[in-house]
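K.L.:
Start counting at 1 in the sequence shown, then tack on 1428, and there's your number in this note's numbering.
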Amino acid sequence: MSVVKINVLNVPAEQREVLEQRFAARAGSVENSDGFEWFELLRPVEGTDTYLVYTRWRSEEDFKAWMEGPMKAAHQGGGDGAPKQKPAASGSALWSFEVVQQAAPKAKGA
Ligand code: HEM
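(1) Using DSSP with H/G/I as helix, E/B as strand and the rest coil, what is residue 1502?
(2) Give me whichever residues DSSP pairs with residue 1435 in a beta bridge.
(3) If I measure Cβ to Cβ from residue 1443 and keep anything under 6 Å in the same chain, skipping five residues before and after, which residues do I get?
(4) Tell me which residue opens and which closes the alpha helix (DSSP H) that residue 1445 is part of.
(5) Have a look at residue 1477 and residue 1435 and give me their C-alpha separation to the nearest angstrom.
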């Protein structure tokens, strides 16, 4: 089963637009990475300043391979993977999950 890696970003209200614009201009290279399955940038609706960068991978190894290579370039070459510009986020944490169950809508019609 797949693994889910969520980068949790604390983004002060006045930095939201900066963050979203950076993602709008993101490298777009993750789509070409081996084992990449899904990406979503999740904007908080209420009660929190936390954005979630949701990614899903075929395996832990695929995620690690992305982290060690393409991820750094996609984050503008920062040695530790962090963007070189002043970050819009005031903090971040990486959450890891294994997918234990999943469902998709049943095909309709026919
Ligand atoms: C040091 C903490 C991190 C910060 C502050 C951060 C922030 C950002 C920002 C602002 C962007 C937009 C592009 C840019 O400006 O570089 C971006 C891209 C991205 N980030 Fe992070 N990031 C961090 C680490 C991570 C980690 C650990 C993951 C793994 C889940 C991740 C997943 C992604 C993905 C998938 C993209 C899009 C890359 C592409 O389009 O190829 N980030 N990140």
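Ideal placement from N, C-alpha and C gives every residue a C-beta, glycine not left out. Keep in mind the model is a prediction, meaning the values are calculated, not measured.
P.N.:
Let me spell this out:
(1) Locating residue 1502 in the sequence shown gives position 74, counting from the first residue. Helix, per DSSP.
(2) As a position in the sequence shown, residue 1435 is number 7, starting the count at 1. 1481 and 1522.
(3) Residue mapping note: residue 1443 aligns to position 15 of the sequence shown, counting from 1. 1516, listed in sequence order.
(4) In the sequence shown, the residue the question calls residue 1445 occupies position 17. Counting along the chain, the alpha helix (DSSP H) containing residue 1445 begins and ends at 1444-1452.
(5) Here residue 1477 refers to the residue found at position 49 of the sequence shown. Here residue 1435 refers to the residue found at position 7 of the sequence shown. Each residue's alpha carbon lies about 14 Å from the other.
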